[in-house]
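Engineer: Be aware that the sequence shown starts at 16, since it is given in the numbering used here, and climbs by one per residue. This is the structure I have questions about; it appears just below.
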Amino acid sequence: MFIENLKLAEFRNLKKAEIEFSPKNNLIVGPNGSGKTNILEALFYTGSGRSFRTHLDENLVNTDSEFFRIEAAGRIGNHEVQIEIGVEPGKRKIIKVNSGAIRKLGELFEYFRLVEFSPYDLEIIIGSPSVRRRYISITISQLDPPHVSVLSDYHKTLAQRNALLKSFEETPKLSASQEASLAVWDEKLAIHAVQIHESRKKYIEKIANLSADFYRKISGLEEYLKIEYNPSPNLDEFTSQHFCERLASRRQREIALGQTMYGPHRDDLKFYIDSLEAKNAGSQGQIKTAVLSLKLAQYDYLQETLEKLPIILLDEIFSDLDRKRLDFVMNLLPELGQSFMTTSKLSEVNNLDIFNSKFNVEKGIPTSFNELP
16 MFIENLKLAE FRNLKKAEIE FSPKNNLIVG PNGSGKTNIL EALFYTGSGR
66 SFRTHLDENL VNTDSEFFRI EAAGRIGNHE VQIEIGVEPG KRKIIKVNSG
116 AIRKLGELFE YFRLVEFSPY DLEIIIGSPS VRRRYISITI SQLDPPHVSV
166 LSDYHKTLAQ RNALLKSFEE TPKLSASQEA SLAVWDEKLA IHAVQIHESR
216 KKYIEKIANL SADFYRKISG LEEYLKIEYN PSPNLDEFTS QHFCERLASR
266 RQREIALGQT MYGPHRDDLK FYIDSLEAKN AGSQGQIKTA VLSLKLAQYD
316 YLQETLEKLP IILLDEIFSD LDRKRLDFVM NLLPELGQSF MTTSKLSEVN
366 NLDIFNSKFN VEKGIPTSFN ELP
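In structure tokens form, the structure reads like this:
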């Protein structure tokens, strides 16, 4: 799969842009703040309907506008695919694939699969649990698009259950009918929670082994990367019955707080290098290597599952990685599919003859060029 053409209107500082890409390696050059990363962000959005930098669509709209629009055309196998996305803050985003509207965001994940690696990804390890949950949700949805609907149903049910808990806040003791009403929502929540748990457990088991292999190859050390899934609640057997029992065990506490204390919305991941948690004890080099290993493992898993080469986005990789890690990635490129790489310094890439298309971005305006100065 590859993206041949990208048209943007009012997307961040890219007020109006049209770019023709190579199906192999694309280089995007420009000073910091010029709009390089915004191009990668727009590409990622075409495959997920989400940004890898923010969860708010309004942050993507040009400051002089009230909307943005993305059009991407490319190929998946022998099929031509054209994706159009229009977004106005506060309104439902409009998504069309080959001129036909799609109603569920999960349908978008069935087309271009993209893996990005950027400085923002260090937050997967050092950031909050919500960052890690968002990463897992997007990646599993790439592998299994209907997962988006499962997540949506879970969060709708969670919101309704929380509203019911808050309505009981002044109730010293629940009546039999109130207990029965809450038990119904427990069961509904449990159905979705079990599905999400099973998907996350399967994904982490697979990705943990692949990441550990990549970590050893990249670092060249005897250090071991371990990724651990910490589900909520942590049950010996994660079934609907056991999940509901755990909810019932904290009934009064949940009513006092007005929120659900257990469930996938409280899941987390932990990253260990040998026996030490990377978030607290890992060096910057170790954390970068761990994240890069995770993303390469994700790429491998997508390729294995889809039997197609995903698209890879590498943001400021030349300055963010040391020579050893960079050489490892560069040696992999011939085996990968379409790639997009950004840099703010041409000197970092002068000795690399791997780019089929090159673009310079100045103040939100991309232009192609043939030779590196």
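From the three backbone atoms N, C-alpha and C, an ideal C-beta is built for every residue, glycine too. Keep in mind the model is a prediction, meaning the values are calculated, not measured.
#1: Can you tell me whether residue 262 is buried or exposed, with buried defined as 16 or more other CB within 10 angstroms of its CB?
#2: What first and last residue would you give for the beta strand (DSSP E) that runs through residue 20?
#3: With a threshold of 8 Å on Cβ separation, who are the neighbours of residue 300 within its own chain once the five nearest residues in sequence on each side are excluded?
#4: Is it buried or exposed for residue 377, if we count other Cβ within 10 angstroms and need 16 for buried?
#5: Beta-carbon separation of residue 267 and residue 180 under 8 Å?
#6: If you follow the alpha helix (DSSP H) that residue 381 is in, where does it begin and where does it stop?
#7: Taking the continuous beta strand (DSSP E) assigned at residue 389, which residues delimit it?
#8: Identify which residue in 291, 174, 201, 307 has its Cα closest to the Cα of residue 232.
#9: Give a yes or no on whether the C-beta atoms belonging to residue 303 and residue 335 are separated by under 8 Å.
#10: Whole angstroms is fine: what's the gap from residue 280's alpha carbon to residue 191's?
#11: Once the 5 residues before and after residue 138 are set aside, which same chain residues still bring their CB inside 6 Å of it?
#12: Out of curiosity, what's the CA-to-CA distance linking residue 49 and residue 205?
#13: Given this structure, state the Cα-to-Cα distance separating residue 362 from residue 333, to the nearest angstrom.
#14: What does residue 40 pair with, by DSSP beta-bridge criteria?
#15: Could you tell me whether the Cβ atoms of residue 58 and residue 374 are closer together than 8 Å?
#16: Candidates 249, 283, 258: which alpha carbon is nearest residue 142's?
#17: In terms of residue numbering, what span does the alpha helix (DSSP H) encompassing residue 308 cover?
#18: Could you tell me the alpha carbon to alpha carbon distance between residue 229 and residue 200, rounded to whole angstroms?
#19: For residue 25 and residue 35, which I take to be in contact (beta-carbon distance under 8 Å), what is that distance rounded to the nearest angstrom?
#20: Where residue 101 and residue 53 are concerned, what is the direct C-alpha to C-alpha distance, given to the nearest angstrom?
#21: For the putative contact between residue 45 and residue 359, defined by C-beta atoms under 8 Å, what is the C-beta separation to the nearest angstrom?
#22: Do residue 270 and residue 184 have their beta-carbon atoms positioned less than 8 Å apart in this structure?
Structural biologist: In this structure, then:
#1: Working through the sequence shown from its first residue, we reach residue 262 at position 247. Classification for residue 262: buried.
#2: Walking along the sequence shown from the start, residue 20 turns up at place 5. First-last of the beta strand (DSSP E) with residue 20: 17 to 26.
#3: Your numbering for residue 300 matches position 285 in the sequence shown. Counting only Cβ-Cβ distances below 8 Å, and skipping sequence neighbours, we find 337.
#4: For the purposes of this step, residue 377 is identified with residue 362 of the sequence shown, where counting begins at 1. Burial check for residue 377: the Cβ neighbour count within 10 Å stays below 16, so the residue is exposed.
#5: Locating residue 267 in the sequence shown gives position 252, counting from the first residue. Locating residue 180 in the sequence shown gives position 165, counting from the first residue. When the beta-carbon positions are compared, residue 267 and residue 180 stay at least 8 Å from each other.
#6: Residue mapping note: residue 381 aligns to position 366 of the sequence shown, counting from 1. It is not in any alpha helix (DSSP H) - residue 381 instead sits in the beta strand (DSSP E) that spans 380 to 384.
#7: With the chain running from 16 to 388 in the structure shown, residue 389 is simply not present.
#8: Along the sequence shown, read from residue 1 onward, the residue named residue 232 stands at position 217. Residue 232 has its Cα closest to that of 307, out of 291, 174, 201, 307.
#9: Residue 303 sits at position 288 when you count from the first residue of the sequence shown. Residue 335 sits at position 320 when you count from the first residue of the sequence shown. Result yes, Cβ atoms of residue 303 and residue 335 sit closer than 8 Å.
#10: For the purposes of this step, residue 280 is taken as the residue at position 265 of the sequence shown. For the purposes of this step, residue 191 is taken as the residue at position 176 of the sequence shown. The alpha-carbon separation between residue 280 and residue 191 amounts to approximately 28 Å.
#11: Looking up residue 138 in the sequence shown gives position 123. 146, listed in sequence order.
#12: To locate residue 49, count along the sequence shown from 1; it is residue 34. To locate residue 205, count along the sequence shown from 1; it is residue 190. Taking the straight line joining both Cα atoms gives about 47 Å.
#13: The residue you call residue 362 lines up with position 347 of the sequence shown. The residue you call residue 333 lines up with position 318 of the sequence shown. So the alpha carbons of these two residues sit roughly 10 Å apart.
#14: Taking the sequence shown and counting its residues from 1, the one referred to as residue 40 is at position 25. Paired residues: 354.
#15: Along the sequence shown, one-based indexing puts residue 58 at 43. Along the sequence shown, one-based indexing puts residue 374 at 359. No; because the gap between Cβ atoms is not below 8 Å, this pair is not in contact.
#16: As a position in the sequence shown, residue 142 is number 127, starting the count at 1. The shortest C-alpha separation from residue 142 is found at 283.
#17: Residue 308 sits at position 293 when you count from the first residue of the sequence shown. Counting along the chain, the alpha helix (DSSP H) containing residue 308 begins and ends at 299 to 321.
#18: As a first step, residue 229 is located in the sequence shown; it is residue number 214 there, counting from the start. As a first step, residue 200 is located in the sequence shown; it is residue number 185 there, counting from the start. Taking C-alpha positions only, residue 229 is separated from residue 200 by approximately 43 Å.
#19: By one-based count along the sequence shown, residue 25 stands at place 10. By one-based count along the sequence shown, residue 35 stands at place 20. Actually they do not touch by this definition, with Cβ atoms about 20 Å apart.
#20: If you number the sequence shown from 1, residue 101 lands on position 86. If you number the sequence shown from 1, residue 53 lands on position 38. Rounded to the nearest angstrom, the two C-alpha atoms are 16 Å apart.
#21: Start at 1 with the first residue of the sequence shown, and residue 45 comes out as number 30. Start at 1 with the first residue of the sequence shown, and residue 359 comes out as number 344. The pair is a contact, with the Cβ atoms about 7 Å apart (cut-off 8 Å).
#22: Here the question's residue 184 lines up with position 169 in the sequence shown. Here the question's residue 270 lines up with position 255 in the sequence shown. The answer is yes: Cβ separation under 8 Å.
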